[in-house]
Structure formats: structure tokens, C-alpha cells
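Letter by letter, the sequence shown follows residues 187 to 424 of our numbering. Where a beta carbon is used, it is the ideal one built from N, C-alpha and C, also for glycine. Written out below as C-alpha cells is the structure these notes cover.
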Amino acid sequence: MLHLGDVFPKFTADTTQGEINFYEWLDESWGILFSHPSDFTPVCTTELARVLTLVPEFKKRNVKVIGLSCDTVESHNDWCKDIQCYAGCNENEPFPYPIIEDKARNLAVKLGMVDKDELDSSGIPLTARAVYIIDPKKKFRLSILYPATTGRNFESNPIIATDQAKVRPSWAPLNWNAKRVMSDSPSRGPLSGALETSHSMERPPKRSKSLVTYQSDNNNKVTARVEAPEDALESCYS
Numbered sequence: 187m188l189h190l191g192d193v194f195p196k197f198t199a200d201t202t203q204g205e206i207n208f209y210e211w212l213d214e215s216w217g218i219l220f221s222h223p224s225d226f227t228p229v230c231t232t233e234l235a236r237v238l239t240l241v242p243e244f245k246k247r248n249v250k251v252i253g254l255s256c257d258t259v260e261s262h263n264d265w266c267k268d269i270q271c272y273a274g275c276n277e278n279e280p281f282p283y284p285i286i287e288d289k290a291r292n293l294a295v296k297l298g299m300v301d302k303d304e305l306d307s308s309g310i311p312l313t314a315r316a317v318y319i320i321d322p323k324k325k326f327r328l329s330i331l332y333p334a335t336t337g338r339n340f341e342s343n344p345i346i347a348t349d350q351a352k353v354r355p356s357w358a359p360l361n362w363n364a365k366r367v368m369s370d371s372p373s374r375g376p377l378s379g380a381l382e383t384s385h386s387m388e389r390p391p392k393r394s395k396s397l398v399t400y401q402s403d404n405n406n407k408v409t410a411r412v413e414a415p416e417d418a419l420e421s422c423y424s
């Protein structure tokens, strides 16, 4: 079983861009490997179309994306035209990211992407809606697993938060988006030194027990305070 922090498995695969060696393809970039149940299905089409429109943003952040399903390369290539059409892109342009053929389910089983509740016409399980994030050192940093019935949200960019956490103590808060990254990880201790305020501050409560700092994508910092009774804080950290 794959655990966060593990070295991501090496593999070669047939894709819409030819055979790839995953490590060589990833090179020194971040990687997002995401699977979908089946080509030419409505939810999958909307998801991959959204990824298509986000490719320029991923490139700005040194991120490569690659899809996977149990369909053939030929099916993927035909479907790419539909995806481009749905996304409002030129169907005659090369599709900007590869999609892996995993007809034998070798990768899906190895990476834990199989959805046993969703079967193909032969009664074989399809791939779930998985998202795996791999860092430039080939370490497994994040996983999300959705059932086939539920589409994913590609609007947030957890790579920013994950990368930030390697540099300084930082956690992403509730309803986080890429413009705000929460710092002050209890497991590593509070941040030291003065914090500059370059955005408007959230209104702090009258009593304050824990310092929370927010950092935006462009490294501007915001400070705020959160309140909790002492006994509640003790229970959180005990």
C-alpha cells in the first residue's frame, strides 16, 4: 500500500503521447496523476476539460498533469476531441497532456485506484476518480479518492500548500484556496519573528490564545488571531 512520503513507484506506460517512463517524463516537476472511470462519459468529460483549461496555470507552477483510465489509447485519442470541444478549445491543436492506457488494470491495482462498485460491461471494476500528487523528488505527497459517481474539484491547488509546508511550518485551513495558506503548525512550533501585514486583517476576537498567519500565493503575509478556551486548547494538543 502506498503511504504519504513514500517514493512513488516507477513505471512505463502507453499513453496518447506514446510510451513514457514516468520518472523521465516528470523530470524535476511536480506531477498530478489522476484517473477516471471511462472515456466518453459526461462527468469525466467535464473533469478533463477543466484540467485542459488549467494547464497554463499548472505550467506556471512547474506542474505536469497526466490522466489514466482502463480504455485504450485509440479511445483516448478520439475522446480528446470531445474534451477540447467541450472546453471551447481548438480540436486541431495537440492535446496538452497525456492519458495513460491501463486496460489490464496493472497500474490501477498497484496504486489503489480501483472502484469495486463500478464495473465495465465484462464485470471488471473500473478506475475510481483518484488524484495523486508527486513532488520533484518523486515522493508521494497527496491523495484524493472519489467514487465514480462524484466529480472532483480542480479549482484549488494543494501543490502550493504542500510545497510551502516543506519550506516553513504551514497548514492549509478550512475552505482553503490557493490565495491563502495558513501557517503556525502546532507540531513544529509557532513561527518566530515579526510578521508583516500587507493585506487587510480579519477582525480578531477579544481574547486570543493562538497566533495564525496567512500567506498568499505571492508571498504577501496576513496575520490574524483565533480564540479558544484554555481547556479546549489543552484537549487539542494533548
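query	result
Integer Cβ distance of A316 from A334, believed to fall under 8 Å	With a Cβ gap of about 11 Å, A316 and A334 do not count as contacting.
CB of I206 within 8 Å of CB of L254, strictly	no
Cβ pair S215, K250 closer than 8 Å	yes
Neighbour-count burial assignment, P280, 16 or more Cβ in a 10 Å radius	exposed
Distance, L238 Cα to Y209 Cα	22 Å
Reference T336; option with closest CA among N248, T227, D306 and K323	T227
L188 beta carbon less than 8 Å from that of L293	no
Assumed close pair P181, K325 - CB separation to whole angstroms, cut-off 8 Å	Residue 181 lies beyond the residue range present for the chain, which begins at 187 and ends at 424; the question has no answer from this structure.
I310 (DSSP reduced to helix, strand or coil)	coil
Residues near L360 by beta carbon distance below 8 Å, same chain, minus five either side	With a pLDDT of only 48 at L360, under the threshold of 50, the placement of this residue in the model should not be trusted; the figure read from the coordinates follows. No residues qualify anywhere along the chain.
Minimum C-alpha distance to L240 - residue among V259, A273 and T202	A273
Minimum Cβ-Cβ distance from A199 to chain B less than 8 Å	This model lacks chain B altogether, as it is built from one protein chain only.
Where the alpha helix (DSSP H) containing S261 begins and where it ends	V259 to Y272
Enclosing beta strand (DSSP E) for T202 [first to last residue]	Run containing T202: none; DSSP gives neither H nor E here.
Spatial distance of N263 from D225 (CA atoms)	10 Å
Whole-Å CB distance - L234 paired with I269, under 8 Å assumed	5 Å
Sequence-distant residues of the same chain with beta carbon closer than 7 Å to P282, five excluded per side	L238 and V241
Given D288 as reference, the closest of T231, R327, T258 and T232 once Cα atoms are compared	T258
Pair within 8 Å by beta-carbon distance, I252 and G309	no
Selected residue, minimal CA-CA separation from S329, among S221, N276 and R291	S221
Beta-bridge pairing of V317 - partner residues as DSSP gives them	F220 and I330
Cross-strand partners of V193 (DSSP beta bridge)	K325
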